[in-house]
Each structure stands twice: as structure tokens, then as C-alpha cells.
Amino acid sequence: MAPTSFWRPWIPLSALVLALVALAACGPGGDDDDDSAYYEAAAAATEAAAREEPARETQAAAATEAPAQEAAAAAAETADDGGDGAGHRMVSTAAIAQSRVIVHTAQMSLVVSDVARATADVRAIAARLGGWIVSSDQTARHSGSIAIRVPARSLNRAFSELESVASEVESLQVSSRDVTEEFVDSESRLNSLRATEQRLLSFLDKAETVEEALLVQEELSALQLQIESIQGRLNYLREVAAFSLIEVELKLAAVTIDVDAGPGASYRVGQPVRFQASFTAPPGVDEYSFEWDFGDGSRARGRGSVLTPDGTRVTATVTHSYSSDLDSPYIVTLQLTGAGEGGRAEGTDSLLIEVKRVPAIEVFAGDPRTVEEGDSSKYAASFTRPSELWDYEYQWDWGDGSPSTIGNPEEGATRVEVSHRFSDHRPRPYEVTFTVSAMSDAGRVSSSQSFTVTVTEGEDLVVGGWNLDSTARGAVYALSAVGRVVLTVLIWLGIFVLPIGAAILIVAYPVRRAWPRVSAFFSKAFSGNGPRPPRPRARFRPRGAPVPFLARQGAPPLPPEPADAGDESAIGEPEADSSDTGDTAGSDDEPETRP
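Each residue of the sequence shown is one higher than the one before, counting from 1129 in this note's numbering.
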């Protein structure tokens, strides 16, 4: 078969497939003129298949509760349109656009007396309204959550029945999302792809060769995947629009806690106020958090509590200062919340805080000074006396462990003078504090000032201009210094000198033993005439010993015996004079006689 004859049957079929794919990609956004041009091109490509194509079945789908009559009318209009695909898509879009597709989602927070029983009631409500349970969670006895779907037309009824389950509705939030545009677009694309699918199926029936059938089947498979994806999205939108989601949070009704925030009081502007509450903890509740509202727009939050010996619990202390008295008195409110295995607990209490402007007391206690130990010194301080204050009191805190000096100044007096003796001196000075307090409408107010006192040693005993104490101390110090020096020297001697001396003795002993031999060796090695002959050993004859025979006969004396190298007795003995004849005359023993 020639190549031209082989490709000739595929040319019209390929053109038709490409035209169908372009139509599916255009979707509802294409114009009617473009669709007509497509149909003309398709008919020109395969006129026989276009003539035998059956009329397409009208597709109509309602997104939400669109009336059935509107859908039927839309289908009738589509059928009267002569089977044109573009006209069908336009009518279908117009029919769906008559009803909005709305997705409703709600969140509810309910306070119930029993979480488990409330969860069962919510399940029953969903089943009764034709819905179902999406999820449910109850990890603690005092809290839980459940999500349900109910028909959208029964959403308000579901709210009413859920409210009847709870003892209190803490919150209810409803949100709506309009998905009409997405739904209409997906519906139009689906109709267009289904029309293309029908044409491909007809071409598949008319395929004459296996190659033609495989080509059409490949395009048909890809098209069906798109149809299934869009159909799944439409089914999901229909479901979420027809059945609304309600997420319900269940909380156990809180147990009431008896809280005592403390008594009301009066304070001056800028004075720190301490707040602490006490309460009785219910069983099974051990985690607490609290919030103080001070009434001036500021708040303080905290967590935790401490158990007291009497069985009650107290919160952490919170400090606050009021900067103005314009809104006085202030209502301070405490909100306490607890949670645990026993459920939730809540308690609240309030107190009244009155803030007033009180004149301050100005105090001047003096400058730093120096005194001797054991001497009694006078200390004077002054202060102001505002007329709005009464019941003045002063206090001297000496900082040396002795009792404080407390008293009341005389009426109208603004100066206080007292005496004090510091018995011990020390390098660091003492800090003396003078405090003046008085009563006011806002309670007792006080003011204080501190200064330092340096205490020195007193004078010693002096005799004739000689200070015995200082001299004795100097002698002791000098003796101690000498003792330290001597001890240091001995320690150094013990550490270094003794080991060195021991080492020297250890080395010197063998050297002393071997020195004579070493000296003789070097004397022989370095003498100018070569090795010296051994010194003849003097021969002695004891008194009364007989004279040798040869000596008596006038024979020359025998040569001297060589000195033994190992004989130490020969070492160091005086050598025989070279002029000596070798006899022993002149000795104490009897000398040999020669003829």
C-alpha cells in the first residue's frame, strides 16, 4: 500500500477529533457563531456521520431546592431549540441561575448539665431531621464536640432543638457561602463534555479500522476522566448546599466557687495595692486561672493557686497602683475559673477601692557620719507635719541588730533627737533609717530616709606616750611574720634541698670508692714516657730469718715480682728510688749482706 493511500482515511477523522476537543475546551464561554463554524467543519470532515448523528438528550440538574417545574420548562425549551448544542447550554445555565446555590455552616457553643447525654440528644436530632453525624469527640467528662449535617430547609428547626438541649447557649455563629457561579460553570462544562462524548461514541461505532478505533478510544478516555471529575464536584456542591453543617461544642455547666476577693480599703494616689483572693476548691478541680479588673481600664491575669493549712486556696498576689483619684471609688472585680476531672468551676467577687490624694511627709535624717566604737553619739532628724495628718510616730532603725528606737514627737514638733552607741566596729558602714508615719483619711502613710554610719576603732591604752595595745599587737604581728618566713624557708628546704643532698650522697659514695683506680688509670694514660713500670715491691726479711744462699754467695738479687693489678695494697705505696740498689739496708730488719 502506498503511503498516500494509507493516510488518506485518517485525515478527515483527525480533523473531526481536533474540532471536538476544541469544543470541549471552550465550554460555555464560546459564542454561538463559533459553535456553528465548528459544526460546519465537522460536517465537511465526515458528512455521513453528521447526517446519522441522533438528537442529543436534554441535560438539566437542580443545585438546591429549585422547583421541578422550572427544570422541566428548561428541558422543554432545550428540546424545542432544534437540538443545537449551544442553545442547550444557554437554556440549562439560565434554568440553574434562577436559584442560588448557598452553603450554610454554623458553630454553636452549648452549656449542658451532662455532656454524654447531650451528645446522644444531638445525634437523635440529626437523625430525626434526616441528617447524619459527621464527627464526634468526647475526651473529657466536662467537655465534648459533635458535628452533624441536616437538610438546609430544616436549619432553623435544628437550631431550636439544639437550644432545648442546653441550659445556656454561649454562642451561635452562622456563615453562608454562595457557590452558584462555580455550580453553573461546572454544569455547563459537564453538558458540553457529555455532548462531545456522544459524538465520539458515534465515531467509535463507525470506525472502519483498528487504528481509527484506538484513536477515538484514546480521546474518549481522556474526555470521560474530565466528565467524572466535574460530576464529582457537582455532586459535592449539591450535597453541601442541600445539607448544612452544624458544629456543636458542649461544655459542662460550671460549679459555683465561693470566692473572697478581700475587703475594700482606701489608698492614696500612687500607692501600690496588693490583691489576693481566697476560695474553697470543689472536688476534682485543680487547675485555676483568674482575672482582675481594677476598674480603671487595666486588667491582670494569672494562673495557679496555693493550698493553705486551713484547707482553703489563695491566688497569686497581684499589685496595682492607681494614678488618679478622679473616678474613685473603683469597683474591682475578680473572675475565677477552674477545670479538672470534676468538671468546670467558676466564681466571681468584687470589692470597692477608694483612692485619695494625701499630702506626703518630707523627711531629712542627715548626712553620712563617722563615730568611734563604744561612744554614745546624738542623731537628729527633721520632718514636715501636714495639717491633714495626725497621730505622728517616728522610728530609728540602727542596722546593727539592736532594738529600734520608737516614739511619738511632741505636738507641733518637727525635729527628733536621740542617742545611740555602736559597740562594734567593722569595715562596712552601718545603714541607719529614720521613718515618720501618720494617719490620714486613706490610712496610715509613712516616709523614710537612710544614711550611713562608719564605726572606727577606739583609742588604746597609752603609758608615757607609749601605746601598749598597739605595740603588743605590732610585736605579735612581727613575730607572726617572722614565723611565717621561717616556716616558708623550712618548707622550701624540705621540698628542694633535702632531695638534692640525698642525690649527691648517693652519687658521691661509689665515686669515692672508685676514685683511686680512676686516678691511676689517667696517670698512666697521660704520662709523657708511656706507661710507668710497676713499682718494685719492697722485700723484707723477718728478724732472725736466714740469708738466702745466693745472697751469701754474692749473687745479684732477684728481680722484683710484678705488682698484682688486683692488689689494692700496692696502690698508693711509695715507689723505690731509682738510685737504690734494691737491697733492704737501712731497714729495721736485718739487711742482706753482699760479699
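We put the CB at the ideal spot given by N, CA and C, even for glycine.
None of the values given here were measured: they were computed from a predicted structure.
Practice item. Would you grab the beta carbon distance between GLY1502 and ARG1549 for me? Rounded to a whole angstrom, and I think it's under 8 Å. Key: 7 Å
Practice item. Give the DSSP bridge partners of GLY1466, in chain order. Key: TYR1416 and ALA1473
Point to revise | Strand pairing of SER1505, partner residues [DSSP] | key: HIS1548
Review point. Which same chain residues, not among the five before or five after LEU1618, have their C-beta less than 6 Å away from its C-beta?
Key: none
Review point. Does the beta-carbon of SER1372 have 16 or more other beta-carbons within 10 angstroms, so that it is buried, or is it exposed?
Key: buried
Point to revise | Residue from LEU1348, GLU1347 and LEU1332 with nearest C-alpha to ALA1341 | key: LEU1332
Review point. So does the region 1390–1403 actually touch the region 1464–1483, counting three or more Cβ pairs closer than 8 Å?
Key: yes
Practice item. Within its chain, find whatever has a CB closer than 6 Å to the CB of SER1565; leave out the 5 residues flanking it on each side and keep chain order. Key: GLU1521, ARG1572 and SER1574
**Study point:** Pick from LEU1454, ARG1429 and GLN1463 that is closest to HIS1448, judged by C-alpha positions
**Key:** ARG1429
Practice item. Could you give the DSSP three-state label for ALA1566: helix, strand or coil? Key: strand
Review point. Among residues of its own chain, excluding the 5 on either side of ASP1455, which ones have a beta-carbon nearer than 8 Å to its beta-carbon?
Key: GLY1423 and ASP1424
Point to revise | Residue closest to PRO1514, alpha-carbon to alpha-carbon, out of MET1567, GLU1356 and GLY1527 | key: MET1567
Practice item. Pick helix, strand or coil for LEU1380, following the three-state DSSP scheme. Key: strand
Practice item. Name, in chain order, the residues that DSSP records as bridge partners for LYS1484. Key: ARG1396
Check your understanding: CB-CB under 6 Å to VAL1613, same chain, minus the five flanking residues each way: which ones, in chain order?
Key -> none
Exercise for review: Find the nearest neighbour of VAL1546 within the set ASP1525, VAL1293, ARG1645 and PRO1487, judged by alpha-carbon distance.
Suggested key: ASP1525
Check your understanding: Using the beta-carbon count (16 or more within 10 Å), is PHE1649 buried or exposed?
Key -> exposed
Check your understanding: Are the region 1236–1246 and the region 1296–1307 in contact at 8 Å, needing three or more beta carbon pairs?
Key -> yes
Review point. Bridge partners of TYR1522, per DSSP?
Key: GLY1535 and VAL1564
Review point. VAL1338: buried (16+ other C-beta within 10 angstroms of its C-beta) or exposed?
Key: exposed
**Study point:** Distance between GLN1352 and GLN1345 (C-alpha atoms, nearest Å)
**Key:** 10 Å
Check your understanding: From TYR1507 to VAL1486, what distance separates their C-alpha atoms?
Key -> 29 Å
Practice item. Starting from GLN1301, follow the beta strand (DSSP E) in both directions and report where the run begins and ends. Key: 1296–1306
Point to revise | Alpha carbon of GLY1622 to alpha carbon of ILE1632, nearest angstrom | key: 15 Å
Review point. Whose C-beta lies closer than 6 Å to the C-beta of GLY1700 among residues of the same chain, with five residues either side of it excluded?
Key: Low local confidence applies: a pLDDT of 44 at GLY1700 is under 50, so the model's placement there is unreliable, with the coordinate-based value given in what follows. Nothing meets the Cβ criterion.
**Study point:** Nearest-angstrom Cα separation, counted from ALA1350 out to ASP1313
**Key:** 20 Å
Practice item. Pull up the distance between the alpha-carbon of LEU1378 and that of ILE1253, whole angstroms please. Key: 15 Å
Review point. Apart from the five residues on each side of it in sequence, which residues of its chain come closer than 7 Å, Cβ to Cβ, to SER1433?
Key: TYR1416, ARG1441, VAL1442 and THR1443
Practice item. Would you mind sorting TYR1364 into buried or exposed? The rule is 16 or more other CB atoms within 10 Å of its CB. Key: exposed
Practice item. May I ask which residues mark the beginning and end of the alpha helix (DSSP H) holding ASP1249? Key: 1243–1256
Practice item. Please report the residue range of the beta strand (DSSP E) in which GLY1430 lies. Key: 1427–1431
Review point. Can the beta-carbon of GLY1259 be found closer than 8 Å to that of ILE1276?
Key: yes
Check your understanding: Between which two residues does the alpha helix (DSSP H) containing ARG1554 stretch?
Key -> That residue, ARG1554, is in no alpha helix (DSSP H); it is neither H nor E in DSSP.
**Study point:** Rounded separation between ALA1286 and GLN1354 - CA only
**Key:** 37 Å
Practice item. Kindly indicate which residue of ALA1268, ARG1543, SER1551 and SER1292 has the alpha-carbon position closest to the one of PHE1562. Key: ARG1543
Review point. Are there 16 or more other CB atoms within 10 angstroms of the CB of VAL1625, so buried, or fewer, so exposed?
Key: exposed
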